[in-house]
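Protein chains in written order, with UniProt numbering: chain H, 1 to 294; chain V, 1 to 294.
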């Protein structure tokens, strides 16, 4: 099946998005732009954000009652913080119509699959997913239709995942321009700990360490130039979301944090020893790896 | 004196730039664009880069002989890696004309001042400086005229710095659009260790730790999205330059690396303990500090 066919064939009569922020709102906008969706229901706890999503044309109607909002949905996209996903799933599953597909955008997958699968009915399907895209912004206003274009979306089916439902969600992500990758759940959580969760922990720590350096009784961050600003942008990300990710992917994250500590400690030792050759090699190796993904 | 006056009054009949890369080349371009310079001599070891600087119109003539190239210069801008500055200064000082001002763009100031000041003649002046600007790119091709606009430039005069020479270099940086700040040398080196040198060590370590994670026999950096790419851009910086900075500002850098390790270790402990409140506070504090400098 080529991409043109995928896009023209694919259609979701009714989509419910729970959590209409950057991730949920952008999927809604992208599917709408592709002509691949009928009605979109926006569901959330905060009425102000929902109203904004409605005003911005991201969703067609809004409700704070998740079970009611999902009742007639063909696809429900869960885009709330990772630790809330199981509770939200528990609240809506009894009222879903037969054949409904539940999918999500959570950054951690093992715990989510473990918690939601036992709640499923025989005629309601779960496809755990994770689009690798985002910015440091949050809320409906941050959403935009091209967020997923050219990005990878990782789906992590388990042995109980329905194959037709999986294929349908693969097509959904292809329709919004993503490259879909299937991955084992444990591998997903370790890879994400490495390329996303660890960097956030590093950025948060760096800003805290530097921003609280008060030897000179002035905010030395004022002196920082573009490099520091780019480097620490992800430390502006939503604290609740990152608290939840850190707690939900704890083991993989601790493993990566310890790995980083070893590398950083080795570099510190090379600086202390004044080891020209080792320092150059360390920086050179890093530059080469970084330049490969430019 | 207002800015318009500064710009129209200020003129350097002959400027020599040693090291025509991002930093040196951008100063040349900016002074030329401001109509504040006569002839610009480009000096360096690599003929290919010099030829490029000439072809790009960054400099008016080129030479690999530093003493010859600086002979008639009113201002010499040293823009070679930090650890080479004293050797370069030693090579050119005997042939400088009386009244010449030597200034630099080095990222570390204490060691430079200590090493160069004993080499000075009574009629040749040194003004140590550091423009807080840059990108991860290097070489003449990376230079652009607006690099310094709206950026701070820190000058670190010592008690032996000539006041007229200092004033002249202040006006030079103001002419290219920088906000000039005078700072104690030791403070400069500690502040830069915090806002620039530490972040580079962190970025280099992060890319090495993640890029060499080979549990899955594939380059997991391929999965990284915009956040990781932005976050690690500075790990593409020139290895030689950063080796030299790390070695030249060793004590301040080790102090900041240890400070970072304490914060990171504390965060790791909070993740391990699963401490909701502490994690949220840590991320929230960082987000607030980061958002203040957005």
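C-beta: ideal position from N, C-alpha, C; glycine also.
- The criterion of a C-beta distance shorter than 8 Å is satisfied by residue 207 of chain H and residue 232 of chain H.
- Listed along the chain, the chain V residues whose CB falls inside 9 Å of the CB of residue 199 of chain H are 206, 210, 224, 227, 228, 231, 232.
- Restricting attention to alpha helix (DSSP H) runs no shorter than 4 residues, the stretch 192-229 of chain V encloses them at 198-211, ordered along the chain.
- When secondary structure is reduced to three states using DSSP, residue 179 of chain H falls in the strand class.
- A buried status is given to residue 192 of chain H, since no fewer than 16 other beta-carbon atoms sit within 10 Å of its beta-carbon.
- Here the stretch 65-83 of chain H lies against the stretch 11-20 of chain H, with 3 or more beta-carbon pairs under 8 Å apart.
- Residues of the stretch 136-153 of chain H whose Cβ lies closer than 9 Å to any Cβ of chain V, in chain order: 136, 151, 152.
- Nearest to residue 125 of chain H by C-alpha distance, out of H/47, H/162, H/200, is H/162.
- Around the beta-carbon of residue 89 of chain H, 16 or more other beta-carbon atoms lie within 10 Å, marking it buried.
- For the C-beta of residue 291 of chain H, the chain V residues within less than 8 Å are, from N- to C-terminus, 236.
- The DSSP assignment places 101-104, 125-127, 129-131, 152-155 as complete runs of the beta strand (DSSP E) inside the stretch 100-181 of chain V, in order along the chain (cut-off: 3 residues).
- Assignment of residue 186 of chain H by DSSP, reduced to helix, strand and coil, places it in the helix class.
- Here residue 71 of chain V carries a coil assignment [DSSP, helix/strand/coil].
- Counted as a single uninterrupted DSSP element, the alpha helix (DSSP H) harbouring residue 239 of chain V occupies residues 239-248.
- The shortest C-alpha to C-alpha distance from residue 229 of chain V to any of H/200, H/221, H/238, H/36 is the one to H/200.
- In this structure, H/289 is the residue among H/289, H/100, H/51 with its C-alpha nearest to the C-alpha of residue 204 of chain V.
- Residue 88 of chain H: member of the alpha helix (DSSP H) spanning 85-92, first to last residue.
- A straight line joining the alpha-carbon of residue 9 of chain V with that of residue 128 of chain V spans about 23 Å.
- Boundaries of the alpha helix (DSSP H) around residue 23 of chain H: 22-33.
- By the Cβ test, the stretch 176-194 of chain V is in contact with the stretch 247-257 of chain V, since at least three Cβ pairs between them sit closer than 8 Å.
- Taking each of V/148, V/47, V/114 in turn and checking the Cα distance to residue 24 of chain V, the smallest one comes out for V/148.
- Ranked by how close their Cα comes to the Cα of residue 139 of chain V, the residues V/164, V/44, V/30 have V/44 in first place.
- Between residue 183 of chain H and residue 156 of chain H, the CB-CB gap stays under 8 Å.
- Per DSSP, reduced to three states, the secondary structure at residue 293 of chain V is coil, with no helix or strand assignment.
- Separation of residue 249 of chain V and residue 111 of chain H (C-alpha to C-alpha, rounded to the nearest whole angstrom) is 45 Å.
- Per DSSP, residue 50 of chain V is one residue of the alpha helix (DSSP H) stretching across 47-55.
- For residue 176 of chain V against residue 30 of chain V, the beta-carbon gap comes to about 4 Å, under 8 Å, which counts as contact.
- Assignment of residue 58 of chain H by DSSP, reduced to helix, strand and coil, places it in the coil class.
- DSSP places residue 15 of chain H in the strand class (E or B) of the three-state scheme.
- A distance below 7 Å between beta-carbons, with the five flanking residues on each side excluded, links residue 109 of chain V to the following residues of its chain, in chain order: 128, 130, 156, 185, 188, 189.
- In this structure residue 115 of chain H is in contact with residue 86 of chain H, their Cβ atoms being roughly 4 Å apart against a cut-off of 8 Å.
- In this structure, the straight-line span from the alpha carbon of residue 103 of chain H to that of residue 169 of chain H is close to 8 Å.
- Beta-bridge partners assigned by DSSP to residue 258 of chain V: none are found.
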